[in-house]
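Which chain is which? The protein sequence lines are R and F, in order.
Quick note, the first sequence lines up with residues 1 to 193 if you use my numbering.
Quick note, the second sequence lines up with residues 194 to 344 if you use my numbering.
Virtual Cβ for every residue (Gly too), placed ideally from N, Cα, C.
A quick write-up on the structure given underneath.
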Amino acid sequence: MLPRRRFLQLSTLGLGGIISSASFGKTASLKSVNKPIVISTWDAGIAANVDAWKVLSNGGRALDAVEKGVMVTESSINCCVGLGANPDRDGIVTLDASIMDEHGNAGAVAAIERIKHPISVARKVMENTPHVLLAGAGAQEFALSQGFPLEPQELSPSAKKAYNDWLKKSEYKPKSISNRERAAIKAHSHRLN
Amino acid sequence: MNNGDWNHDTIGMLALDQNGNLSGSCTTSGMAFKVRGRVGDSPIIGAGLYVDNTYGAAVSTGLGEEVIKSAGTHLVVEFMRQGLSPDKACKLAVERIVSRTGHTKAKTFQVAFIALNKQGQVGAYAIQKGFSYARQDAIINNELIASKSMF
C-alpha cells in the first residue's frame, strides 16, 4: 500500500492549483488524463526521468523522451546498462535495447557490441529499415552505417573487477553447463534481464 | 534477497506526452557473465516492452528468460485492454509467470513490470520485494515508489 499512501500524501501537498481534490490521484476520473508523465524502473530511473521530463515538459514527443531518458543510464557506469556494464563470460559487453512508439512502430537491437547508445540504434532500426530487430555483427554494421561511432572494446574498472572475480569461481568455456555454472548463473540471476 | 543486489538491472521507461501519446524504451547489458550470444527479453517486442497507444504500455525488468516465455509486457497491455488498471494488469502478469514456473522456483528470481495507461495512471508489480520505480509528473516530482510484490 505504500505507493497509494505516498501518492495521496503528495497529491495533497502544494499542488492546489493543479489538483483540486485529494481524491484525484486515487480515482483519476477517466475524463481527466494525467499528462505528461514518465515512469522508469529502479533507482537509476530518477536520473533518467530528469532528461525525459525536459522533453515532456516542453510539449515534446513521448518517443523522444523515452530515448533521451534511458541514454542517461547508458552513459553512466553501472552493472547492467551500457558499455560500462558487466560483460558476458567471454569478457565482452553485449547490449540489448528496444523502443516502441505511439503508432505501434518498433525497433530493437540484440547482442550489439561497442556502441554506446543501443537505444538510439534501435530507433534507427525502427525508422530507417523495414525490420524490427537486428542482432550481433549485423546490428553493429547497421549502427556504423547510421553514423554511430565504434567505441573501444574495453571493460570499465568496476566491470573488469567483477569479471575477474567471477572467473576465479567459474569455468571459462564449458562444453555444457555444469552444476557449478548453473549455480554461478543462479547467483547472478538477479542481474538478469 | 532484498539486499539491493537487484537494483537497476535494466532500465525501462514509459511516457505519455502532452498530446496523449505513449512510447516506451528498454535497454540493458543483460545478465552478467551470460553465455556469449544470450539475449534476454529487453529487445523483444511483447516481452521486454510493449506499447499500444489505444490502451497503455508496459516494460519489464528481471529474469528475461521468464518474461520471454510468458510474453510478459504484451500480457500486461492485454489486461489493460480488457479494462484492468495498470496495477492489476502488472499483478496478473506476475501471477501468470509464477504459475508457469511454479511457486518454489519463482522464489529464486525476480521479475517486475511497470505499466502506464492512456489516462496517465501507473502501476507496478514484482515477484520479490525491493523493486522500485521512479515517477515524474505534475503530481509526483520524480520520486522512487516502492512496488508491491508477491513475496
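Item	Value
Partner residues on chain R for V270 (chain F), Cβ-Cβ distance less than 9 Å	In chain order: nothing, as chain R lies at least about 10 Å away.
Check: K298 (chain F) C-beta below 7 Å from any heavy atom of the ligand SAH	The model depicted lacks the ligand SAH and carries no ligand whatsoever.
Within chain R, partners of T297 (chain F) - CB distance below 9 Å	Within 9 Å Cβ-Cβ: nothing; T297 (chain F) doesn't reach chain R, min ~14 Å.
Element boundaries [alpha helix (DSSP H), containing V244 (chain F)]	Note, V244 (chain F): premise wrong, no alpha helix (DSSP H); beta strand (DSSP E) at L242 to D245.
At least three beta-carbon pairs within less than 8 Å, the segment 56-64 of chain R to the segment 132-148 of chain R	no
Test item: CB-CB of G241 (chain F) and K311 (chain F) under 8 Å	no
Residue closest to F226 (chain F), alpha-carbon to alpha-carbon, out of R:C80, R:A62, R:I112 and R:A122	R:C80
Boundaries of the beta strand (DSSP E) in which R328 (chain F) is found, first to last residue	S325 to D330
Alpha-carbon spacing of R274 (chain F) relative to M343 (chain F), whole angstroms	23 Å
Member of F:K341, F:G255, F:S325 and F:R229 whose CA lies at the smallest distance from the CA of S40 (chain R)	F:S325
For C134 (chain F): DSSP bridge partner residues	Because chain F is modelled from 194 through 344, residue 134 (chain F) falls outside the range shown and cannot be assessed.
Proximity test, Cβ basis, 8 Å: S218 (chain F) and chain R	yes
Range of the contiguous alpha helix (DSSP H) that encloses N128 (chain R)	P118 to N128
The segment 88-108 of chain R: positions lying closer than 8 Å to chain F by Cβ	D88, R89, D90, I92, V93, T94, L95, D96, A97, S98, I99, M100, D101, E102, H103, G104, A106 and A108
Extent of the continuous beta strand (DSSP E) run through Y248 (chain F)	Counting along the chain, Y248 (chain F) falls outside any beta strand (DSSP E), and DSSP gives it neither H nor E.
CB contact flag (E151 (chain R), K124 (chain R), <8 Å)	no
Within chain R, the residues that G205 (chain F) reaches when beta carbons sit closer than 7 Å	S40 and T41
Bridge partners - S75 (chain R), DSSP secondary structure assignment	Looking at the DSSP assignment, S75 (chain R) forms no beta bridge with any residue, so it has no partner.
7 Å Cβ shell around A52 (chain R) - same chain, five flanking residues per side excluded	V38, A65, V66, K68 and G69
Between the CA atoms of E102 (chain R) and Q211 (chain F) - distance to the nearest angstrom	13 Å
Inter-residue Cα distance where the pair is L309 (chain F) and T266 (chain F)	11 Å
6 Å Cβ shell around L337 (chain F) - same chain, five flanking residues per side excluded	S325 and A327
Limits of the unbroken alpha helix (DSSP H) element including F142 (chain R)	G136 to S145
Own chain partners of R114 (chain R) with C-beta closer than 7 Å, once the 5 adjacent residues on each side are dropped	Q140, L150, E151 and Q153
Through-space distance from R289 (chain F) to G197 (chain F), alpha-carbon basis	Confidence is the limiting factor: at G197 (chain F) the pLDDT is only 39, short of 50, which leaves the residue's position unreliable and the question unanswerable from this model.
Nearest to T221 (chain F) (by Cα), restricted to the options R:A62, R:L83 and R:E127	R:L83
CB of A106 (chain R) within 8 Å of CB of I238 (chain F), strictly	yes
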